[in-house]
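Everything on this sheet refers to the single structure shown next.
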Amino acid sequence: MSNSADLINARAHGGHGPRIAAAPITWGVCEIPGWGEVPGVDHVLDEIAELGFTGTELGPDGYLPLDPGELRHALGSRGLSLVGAFCPLNYRDPGAFVASHEFGVALAHRLAAVGCHTLVAADAGDARRSEIAGRVTGADGLSPDMWARYGEGLADLARAIAPLGVRVAFHPHAATYVETEAEIDAVMANTPADLVGLCLDTGHVAYGGGDPVALARRHAGRVWHVHVKDVSAAVLAQVRAEGLAYPDAIGAGGFVPVGDGLVDFPALVAELRRVGFDGWYVLEQDVRLGPPWPEQSPRENAVRSREYLLRQLGSGA
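Here the numbering used here runs 74 ahead of the position in the sequence shown, where the first position is 1.
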């Protein structure tokens, strides 16, 4: 690994034991227009801090304050650190390369200004992949040439933001062109290991039919950030049997509190410990708020997920 990548990873990890953050998506805050009712920033940050989390992610662009000073105050006054920022990019389309690159660089400058070292890059997805999420086949993906260009775009972004002390951790996501294990492997194969890492989102990997534990093992040195998320086995079966589109599956309770779904978290935590992962565990539960309302509030779900993860990690988290 290059010296610059070593330095960024040292800053991001800090040599600490397990650290647990919570992301705004657990409170229904999503970048997709019309996703659902969005609670206020103060309400979400207050609950994150009150529940004992020590970090959060940025959420959709513009949800948390854009001004670095205001953002530092909003987080610091609650004892929170900014640990990552979701960054949807379109490197499938050569015509979107420049806009994607500029968006990523601008976001990285904002992260650096508040001491955050991880840009969580993801594919921007489209309506087609939203319709077939959870049922993707090899015929639905990108060509080898497109993967090569995709990797070039990510690597160029990573090189551009490395001097800021910000790294790129790529996030697989249902309803995008990086959903299945094969697609995740393609991103890893087409990017330099010292520039682009993996944000292992356990729920999205499972939604796409993958095994988070196997991915953690296969890409051990590149797991730089973890989104801890669980999937309802019943809803996922419905997705595959009835063809539910991704937004409808989320509205039906597709993601559940950690420990209530099909992800094998004891095995995952054991594997991450084995490979020496010491970054952030970011608890997430993608939900849509609004009629019909979920049976449990985001706060209740976050409490359950945190307690479960703490049991897996031990009392030192």
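Just so you know, even glycine gets a beta-carbon here, dropped at the ideal spot from N, CA and C.
This one's a predicted model, so the numbers in the text were calculated from it and none came from an experiment.
On the CB-based measure, 16 or more other CB atoms within 10 Å of its CB, does Pro316 come out buried or exposed?
Start at 1 with the first residue of the sequence shown, and residue 316 comes out as number 242. For the record, residue 316 in the displayed sequence is Glu; it is not Pro. Exposed, because fewer than 16 other Cβ atoms sit within 10 Å of the Cβ of Glu316.
Suppose you measure from the CA of Gly129 to the CA of Glu121; what does that come to, to the nearest Å?
Numbered from its first residue, the sequence shown carries residue 129 at position 55. Numbered from its first residue, the sequence shown carries residue 121 at position 47. Near 12 Å, if we compare the C-alpha coordinates of Glu121 and Gly129.
Is the stretch 214-234 touching the stretch 164-172, taking contact as three or more C-beta pairs under 8 Å?
yes
What's the gap between the Cα of Phe127 and the Cα of Asp219?
On the sequence shown, position 53 is the one that residue 127 refers to. On the sequence shown, position 145 is the one that residue 219 refers to. Answer to the nearest angstrom: the Cα atoms are 42 Å apart.
Measuring straight from C-alpha to C-alpha, what distance separates Val188 and His278?
Taking the first residue of the sequence shown as position 1, residue 188 is located at position 114. Taking the first residue of the sequence shown as position 1, residue 278 is located at position 204. Just so you know, the alpha carbons of Val188 and His278 end up roughly 28 Å apart.
Span separating the alpha-carbon of Pro92 from that of Ala319
The residue you call residue 92 lines up with position 18 of the sequence shown. The residue you call residue 319 lines up with position 245 of the sequence shown. Roughly 35 Å separates the two Cα atoms.
As an exercise, report each continuous beta strand (DSSP E) stretch of at least 3 residues that is fully enclosed by the stretch 289-377, in chain order.
297-302, 354-357
Residue environment, Glu374, which counts as buried when at least 16 other CB atoms sit within 10 Å
If you number the sequence shown from 1, residue 374 lands on position 300. Exposed, because fewer than 16 other Cβ atoms sit within 10 Å of the Cβ of Glu374.
Under 8 Å, with one C-beta from each stretch per pair, do the stretch 197-209 and the stretch 178-188 reach the 3-pair mark?
no
Within a Cβ cutoff of 8 Å, which residues of the same chain sit near Ser204, ignoring the five residues on either side of it in sequence?
Position 130 of the sequence shown, counted from the start, is the residue given in the question as residue 204. The answer, listed in chain order, is Ala249, Ala319, Tyr320, Pro321.
Minimum C-alpha distance to Leu149 - residue among Cys161, Val118, Gly178
Here residue 149 refers to the residue found at position 75 when the sequence shown is read from its first residue. Out of Cys161, Val118, Gly178, the CA that lies nearest to the CA of Leu149 is found in Val118.
So does the stretch 302-311 actually touch the stretch 264-272, counting three or more Cβ pairs closer than 8 Å?
no
According to DSSP, simplified to helix, strand and coil, what is Cys161?
Along the sequence shown, one-based indexing puts residue 161 at 87. Three-state DSSP puts Cys161 in a strand.
Beta-carbon within less than 8 Å of Leu125's beta-carbon, same chain only, minus the 5 sequence neighbours each way: which residues are those?
Within the sequence shown, residue 125 is the residue found at index 51, counting from 1. These residues qualify, in order along the chain: Ala96, Arg373, Ala376, Val377, Arg380.
Whether Val450 touches Thr276 by CB criterion (9 Å)
What the structure shows of the chain is the stretch from 75 to 391, and residue 450 is not part of that stretch, so it cannot be assessed.
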